[in-house]
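Visitor: Once you've had a glance at the structure underneath, I'll fire off some questions.
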Amino acid sequence: MSTRTSAISRAEQCFDDGIFFEALQRLVTVRTESQMPDSLPALQHYCDATLPQLVDGMGFNTRVIENPRAGRGPIFIGVRMEDSSLPTVLVYGHGDVVRGLPDKWSKGLEPWRITIQGDKWYGRGTVDNKGQHLIAIEALRAVLAERDGRLGFNVKLLIETGEEQGSPGLREILQSHRDFLAADVFIGLDGPRQTTFMPELKLGARGGIAFDLVVHLRDHAHHSGHWGGVLKDPAFRLAHALASIVSPSGRILVKDWLPNAMPNSVRRAIGDIFFEEIPGLPEPDAGWGEPGLTKGEKIFGWTSVIVLAQQTGHPDAPTNAVQGEAKARLQVRHTVDIPGSRIVPALREHLDATGFTDVTIIPVLDRDMFGAARTDPDNSWVSFTACSLKNTTGRDPNIIPNSSGSNPSDMFIEELNIPVIWIPNSYAGCNQHGPDEHALAPLLREGLQMMAGLWWDIGAGAAPAMSLAKK
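If you use my numbering, the sequence shown closes out at 1126, no skipped numbers anywhere.
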């Protein structure tokens, strides 16, 4: 008789027999570097050929939706409807990866072929994100086999090819295909988790906004001996402007950038987070940031701002001159409690009030920035999913109110009105976005176990009620 345990065992067997490895190898070989200007043919091939082959025989009706933005990658959709009265799950992944950087990888490793060394599977996309959406698909296959071709719920599989560029065009597609993509819950597999030994749920993301601060005082530099001490120095003006934004101890001084309060459900969830100490990762600097907040609250419940780059003159070949211009690029990460649209106006008001009217703010528009989003930790789908993962692993999951990194949660919450849940299957030391990206084999195998258990539980008839949006 088919059981939850047998479905999980079937998913494990997929890993143990090498089937999962062979499938992931095929995905990794496709060079879907969305950051590269010539990437569109590879992104198109991933959607037109690679993904349909991956779900072949699983009963999906597939289609590829072209991106409404010129030159951007398409989106693959696979729909498997058993009964409109059953729950519908929107499963998300992204097929694009960051640049391969092949000359930066360690000897014997390369981005477009998986190399196994111990428990580590090296290759671009092994965790971000090809290995992770493969987990979701292979776990679905295992449950289908155990239930004789039925899941007990409906699935809409959405795999985009622009996440590493800020998901350009995704919101427009969700808007124009809202009814077609209607679902009860979004479940995505992406990102690292806080520990290697605890399952985890992430419920959204902090928003990210970047901008340049520029002090332009004159078009040319002038001799430092003749004009030093007479002409305003733009670098010092900029330095003082930056100091007005963040205190010497790292506290943000722009009032409207900070939440008025942290919701109780969010504070409770953050308070329960367990952080694993992983060798090689930095420790928080004592006394830096908002006073009275824990490490978790600073990362997941508050606003942060950093300087990404700063320049005046010619650092590679300094000249004896008073420079005419100085600039710095800043990035603000904020929770859903602060509207992203207020970040730049609030800074303008702050700079004007503190005497820095000569500092210009120029928004960065070279990539789409993600907005902030958060599913309430008390949502019934969160509780259901957490219970399922605990039943599979024997451990309560960390529940992260919103990821510290970026993801398109806001688009799905705002356009489809559904709860968003992420189940990451990587770890902080995976070198995501850098050379030597790798997955940990035990986490891939555990991911198959957890997702097979979750798919089984959703199809067993005890999932939360259907959403009003879908009805």
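Ideal Cβ positions, reconstructed from N, Cα and C, are used throughout, including at glycine.
Quick check: the Cα distance between residue 886 and residue 988, rounded to an integer number of angstroms?
Guide: Residue 886 and residue 988: Cα-Cα distance of roughly 35 Å.
Visitor: Return the residue from the list 863, 697 and 1117 that minimises the CA-CA distance to residue 1059.
Guide: That would be 863, whose Cα lies nearest to the Cα of residue 1059.
Visitor: My output table needs one value for residue 1037: the three-state DSSP class, helix, strand or coil.
Guide: The answer is helix: DSSP assigns residue 1037 an H, G or I state.
Visitor: How about residue 913 and residue 900: are their beta carbons less than 8 Å apart?
Guide: Their beta carbons are not under 8 Å apart, which means residue 913 does not touch residue 900 by this criterion.
Visitor: Express the C-alpha separation of residue 874 and residue 975 in angstroms, rounding to a whole number.
Guide: Cα to Cα, residue 975 sits roughly 16 Å from residue 874.
Visitor: Given the structure, does residue 1014 come close to the ligand SAM, in the sense that its CB is under 7 Å from one of the ligand's heavy atoms?
Guide: The ligand SAM is absent from the structure shown, which contains no ligands of any kind.
Visitor: Skipping 5 residues on each side, what residues in its chain have a beta carbon closer than 8 Å to that of residue 661?
Guide: Here the set comprises 801.
Visitor: Would residue 800 pass as an interface residue toward chain B - the criterion being a Cβ-Cβ separation below 8 Å?
Guide: Among the protein chains of the structure shown there is no chain B, as only one such chain exists.
Visitor: Following the continuous alpha helix (DSSP H) through residue 993, name the residue where it begins and the one where it ends.
Guide: Looking at the DSSP string, residue 993 is not in any alpha helix (DSSP H), and its letter there is neither H nor E.
Visitor: Helix, strand or coil: which one does DSSP assign to residue 957?
Guide: Coil.
Visitor: Does the stretch 1095 to 1114 come close enough to the stretch 662 to 675 that 3 or more CB-CB pairs lie under 8 Å?
Guide: Cβ pair count under 8 Å is three or more, so yes.
Visitor: So, for residue 1108: in the same chain, excluding its five sequence neighbours on each side, which residues have a beta-carbon less than 8 Å away from its beta-carbon?
Guide: 659, 662, 663, 1043, 1044, 1046 and 1047.
Visitor: Using DSSP bridges, identify the partner residues of residue 1016.
Guide: According to DSSP, which records beta bridges pairwise, residue 1016 is partnered with 868.
Visitor: Give me the Cα-Cα distance between residue 842 and residue 724, rounded to the nearest whole angstrom.
Guide: Those two C-alpha atoms are separated by around 25 Å.
Visitor: Are residue 1036 and residue 798 touching if we call contact CB-CB under 8 Å?
Guide: No, the pair does not count as a contact, with Cβ atoms beyond the cut-off.
Visitor: Go to residue 1110, then tell me how far its alpha helix (DSSP H) extends in each direction, as first and last residue.
Guide: Residues 1096 to 1112.
Visitor: Hey, could you find the ends of the beta strand (DSSP E) residue 748 is sitting in?
Guide: 743 to 749 is the span of the beta strand (DSSP E), which, as asked, contains residue 748.
Visitor: Check the C-beta distance from residue 1153 over to residue 1077 and give it rounded, since I have them as a contact under 8 Å.
Guide: This structure does not reach residue 1153, given that the chain is present from 656 up to 1126, and the question cannot be answered.
Visitor: Relative to the C-alpha of residue 827, which residue among 819, 838 and 815 is closest?
Guide: Closest option to residue 827, Cα to Cα, is 815.
Visitor: Rounded to the nearest angstrom, what separates residue 707 and residue 751 at their Cα positions?
Guide: Distance between the alpha carbons of residue 707 and residue 751: 16 Å.
Visitor: Could you please give the first and the last residue of the uninterrupted beta strand (DSSP E) stretch that includes residue 788?
Guide: That residue, residue 788, is in no beta strand (DSSP E); its alpha helix (DSSP H) goes 785 to 801.
Visitor: Can you give me the C-alpha to C-alpha distance between residue 959 and residue 735, rounded to a whole angstrom?
Guide: Their backbone Cα atoms lie some 41 Å apart in a straight line.
Visitor: Do residue 767 and residue 755 have their CB atoms nearer than 8 Å?
Guide: Yes, these two residues count as a Cβ contact at 8 Å.
Visitor: Exposed or buried, what is residue 781 when buried is set at 16 or more other beta-carbons lying within 10 Å of its beta-carbon?
Guide: Answer is buried; the Cβ neighbour count reaches 16.
Visitor: Terminal residues of the continuous alpha helix (DSSP H) containing residue 776?
Guide: Here residue 776 belongs to no alpha helix (DSSP H); instead the beta strand (DSSP E) covers 775 to 777.
Visitor: Measure from the alpha carbon of residue 954 to the alpha carbon of each residue in 783, 1055 and 1071, then state which is nearest.
Guide: Nearest of 783, 1055 and 1071 to residue 954, Cα basis: 1055.
Visitor: May I ask which residues mark the beginning and end of the beta strand (DSSP E) holding residue 843?
Guide: Looking at the DSSP string, the run of the beta strand (DSSP E) that includes residue 843 is 840 to 843.
Visitor: Tell me the rounded alpha-carbon separation between residue 681 and residue 981.
Guide: Taking the straight line from one Cα to the other gives about 48 Å.
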